[in-house]
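Undergrad: Here full-length UniProt numbering is used: the first residue of the sequence shown is 1, the next is one more, and so on. Even glycine gets a Cβ: it sits at the ideal position worked out from N, Cα and C.
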Amino acid sequence: MKAVLCKAFGPAETLVLEDVASPALQKNEILLDVHAAGVNFPDTLIIEGKYQFKPPFPFSPGGEAAGVISEVGEKVSHLKVGDRVMALTGWGSFAEQVAVPGYNVLPIPSSMDFNTAAAFSMTYGTSMHALKQRGHLVPGETLLVLGASGGVGLAAVEIGKAMGARVIAAASSAEKLAVAKAAGADELINYSEASLKDEIKRLTDGKGADVIYDPVGGDLFDQAIRAIAWNGRLLVVGFASGRIPDLPVNLALLKGAAVVGVFWGSFAQRQPQDNAANFQELFGWYAEGKLKPLVSQVYPLESTAQAINDLGQRKAVGKVVVQVR
Numbered sequence: 001m002k003a004v005l006c007k008a009f010g011p012a013e014t015l016v017l018e019d020v021a022s023p024a025l026q027k028n029e030i031l032l033d034v035h036a037a038g039v040n041f042p043d044t045l046i047i048e049g050k051y052q053f054k055p056p057f058p059f060s061p062g063g064e065a066a067g068v069i070s071e072v073g074e075k076v077s078h079l080k081v082g083d084r085v086m087a088l089t090g091w092g093s094f095a096e097q098v099a100v101p102g103y104n105v106l107p108i109p110s111s112m113d114f115n116t117a118a119a120f121s122m123t124y125g126t127s128m129h130a131l132k133q134r135g136h137l138v139p140g141e142t143l144l145v146l147g148a149s150g151g152v153g154l155a156a157v158e159i160g161k162a163m164g165a166r167v168i169a170a171a172s173s174a175e176k177l178a179v180a181k182a183a184g185a186d187e188l189i190n191y192s193e194a195s196l197k198d199e200i201k202r203l204t205d206g207k208g209a210d211v212i213y214d215p216v217g218g219d220l221f222d223q224a225i226r227a228i229a230w231n232g233r234l235l236v237v238g239f240a241s242g243r244i245p246d247l248p249v250n251l252a253l254l255k256g257a258a259v260v261g262v263f264w265g266s267f268a269q270r271q272p273q274d275n276a277a278n279f280q281e282l283f284g285w286y287a288e289g290k291l292k293p294l295v296s297q298v299y300p301l302e303s304t305a306q307a308i309n310d311l312g313q314r315k316a317v318g319k320v321v322v323q324v325r
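1. Classify ASN231 as buried or exposed, calling it buried when 16 or more other Cβ atoms lie within 10 Å of its own Cβ.
2. Three or more beta-carbon pairs under 8 angstroms between the segment 62-79 and the segment 26-44, yes or no?
3. Give the secondary structure of ASN309 by DSSP, where H, G and I count as helix, E and B as strand, and everything else as coil.
4. Identify the continuous beta strand (DSSP E) that holds GLU18 and give its terminal residues.
5. ASP214 and LEU235 look like a contact to me (Cβ under 8 angstroms); what is the Cβ gap, rounded to whole Å?
6. Note down, one range per segment and in chain order, each beta strand (DSSP E) of at least 3 residues found wholly within the segment 180-234.
7. Quick one: any contact between the segment 148-163 and the segment 119-129, if contact means 3 or more CB pairs under 8 angstroms?
8. Suppose the cutoff is 7 angstroms on Cβ atoms and the five residues either side in sequence are ignored; what does the same chain contact list for PRO248 look like?
9. Taking the continuous beta strand (DSSP E) assigned at TYR51, which residues delimit it?
10. Using three-state DSSP, classify GLU74 as helix, strand or coil.
11. Suppose the cutoff is 6 angstroms on Cβ atoms and the five residues either side in sequence are ignored; what does the same chain contact list for MET112 look like?
12. Taking the alpha carbon of ALA307 as the point to measure from, which residue in GLY38, SER192, GLU29, THR123 has its own alpha carbon closest?
13. Taking three-plus beta-carbon pairs below 8 angstroms as touching, is the segment 43-60 in contact with the segment 4-11?
14. Can you tell me where the alpha helix (DSSP H) holding TYR124 begins and where it ends?
15. Compute the distance between the beta-carbons of ALA229 and THR304, then report whether it is under 9 angstroms.
16. Determine, using beta carbons only, whether ALA148 and LEU177 come nearer to each other than 9 angstroms.
17. Hey, could you find the ends of the alpha helix (DSSP H) THR116 is sitting in?
18. Would you kindly work out how many angstroms separate the C-alpha atoms of LEU282 and LEU137, rounded to a whole number?
19. Counting only runs of 3+ residues fully inside the segment 135-159, write out the beta strand (DSSP E) ranges in chain order.
20. For LEU203, tell me which candidate among ALA182, ARG166, SER192 has the shortest Cα-Cα distance.
21. Under the rule that 16 or more other beta-carbon atoms within 10 Å means buried, what is GLY63, buried or exposed?
22. Beta-carbon separation of LEU294 and VAL317 under 9 angstroms?
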């Protein structure tokens, strides 16, 4: 089979496409014929040795995939050969086949194509877990989404609306904000033109945002924590800005606020039943048309490096997908 390989830590340009043996299947795994693989921010980190997991060389990046099961390990009972599924792989998805533990695999709705499914699991899984289990978002609250035109950001906008929140979308350009508006955002903040903190306070009559969804970090975190509501929750999702911020904890004390970490991958492994329940709710919203995943760009397998670079340089809106077959 063909696979995109990382043989040493470095930029995406050092990745190579080679023929390799199909993965050996463990008893608790399924073998997936990959049709499409989602590109995510961790892919930009894992190939440079900056992610919390460092696979042994050579490895294929790619943390999520969609395709058809071609083989099932003897300890997997809830899946069968021929099932159309999405899978959380950690790495290995930028290849024609990948072996995945059965607990990280979910059947996809018959109405969902593979490109959409490959764009769904990590972004919607992350944002659902963030807003439901970590943020405890309730109807009528104000949700601020930073980086609102990106994959997880757009998912958070849609899920926030489905959960009954008033959603403020923040992004760096009018074009990106237009995407967030189309996804259902009620209010918009262009933080390249105005103070994020001041705009949050203006749009909330000085109250602040009840829940802040932050996949960006850096300077935006610094401003957002200063405009959080009493009993607010700031969700730490990622650091796309490149800077992990420091928290002056007196700000949390003064607002009775919580700064809450979000690590969906670990949640999915530690609480698989809760994760499966989240996805059943997400699939229901998808069937109702409340969730409309935006796949803005599709790349062939041989252009995986370009896909990773475009995402890492924040050129993409919505989700980027590598189509494998």
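TA: On the basis of the coordinates in this document:
1. Looking up residue 231 in the sequence shown gives position 231. Burial state of ASN231 is exposed, judged by a 10 Å Cβ sphere holding fewer than 16 other Cβ atoms.
2. Yes, the segment 62-79 is in contact with the segment 26-44.
3. Taking the sequence shown and counting its residues from 1, the one referred to as residue 309 is at position 309. Residue state for ASN309 is assigned as helix, using DSSP reduced to three classes.
4. The residue you call residue 18 lines up with position 18 of the sequence shown. In this chain, the beta strand (DSSP E) harbouring GLU18 covers 16-19.
5. In the sequence shown, counting from the first residue as 1, residue 214 sits at position 214. In the sequence shown, counting from the first residue as 1, residue 235 sits at position 235. That pair is a contact at about 6 angstroms.
6. The segment 180-234 contains these whole beta strand (DSSP E) runs: 187-190, 209-214.
7. Between the segment 148-163 and the segment 119-129, the count of C-beta pairs closer than 8 angstroms reaches three or more; the two stretches touch.
8. Taking the first residue of the sequence shown as position 1, residue 248 is located at position 248. The answer is none, since no qualifying residue turns up.
9. Here residue 51 is taken as the residue at index 51 of the sequence shown, counted from 1. Looking at the DSSP string, TYR51 is not in any beta strand (DSSP E), and its letter there is neither H nor E.
10. The count along the sequence shown starts at 1 and reaches residue 74 at position 74. Three-state result, GLU74: coil.
11. Looking up residue 112 in the sequence shown gives position 112. Cβ within range, chain order: n/a, list empty.
12. What you label residue 307 is simply residue 307 of the sequence shown in a count that begins at 1. Of GLY38, SER192, GLU29, THR123, the residue nearest in Cα terms is GLY38.
13. Output reads yes: the segment 4-11 touches the segment 43-60.
14. Walking along the sequence shown from the start, residue 124 turns up at place 124. Annotation: the continuous alpha helix (DSSP H) that includes TYR124 extends over 121-129.
15. For the purposes of this step, residue 229 is taken as the residue at position 229 of the sequence shown. For the purposes of this step, residue 304 is taken as the residue at position 304 of the sequence shown. One thing to note: ALA229 has its Cβ no nearer than 9 angstroms to the Cβ of THR304.
16. Position 148 of the sequence shown, counting from 1, holds the residue named residue 148. Position 177 of the sequence shown, counting from 1, holds the residue named residue 177. In contact: ALA148 and LEU177 (Cβ atoms closer than 9 angstroms).
17. Here residue 116 refers to the residue found at position 116 when the sequence shown is read from its first residue. Unbroken alpha helix (DSSP H) run through THR116: 114-118.
18. As a working note, residue 282 is residue 282 in the sequence shown. As a working note, residue 137 is residue 137 in the sequence shown. Rounded to whole angstroms, the separation of the alpha carbons of LEU137 and LEU282 is 15 angstroms.
19. Listed in chain order, they are 142-145.
20. In the sequence shown, residue 203 corresponds to position 203, counting from 1. Nearest neighbour of LEU203 by Cα position, chosen from ALA182, ARG166, SER192, turns out to be ARG166.
21. On the sequence shown, position 63 is the one that residue 63 refers to. It counts as buried.
22. The residue labelled residue 294 in the question sits at position 294 within the sequence shown. The residue labelled residue 317 in the question sits at position 317 within the sequence shown. At the C-beta level, LEU294 and VAL317 come within 9 angstroms of one another.
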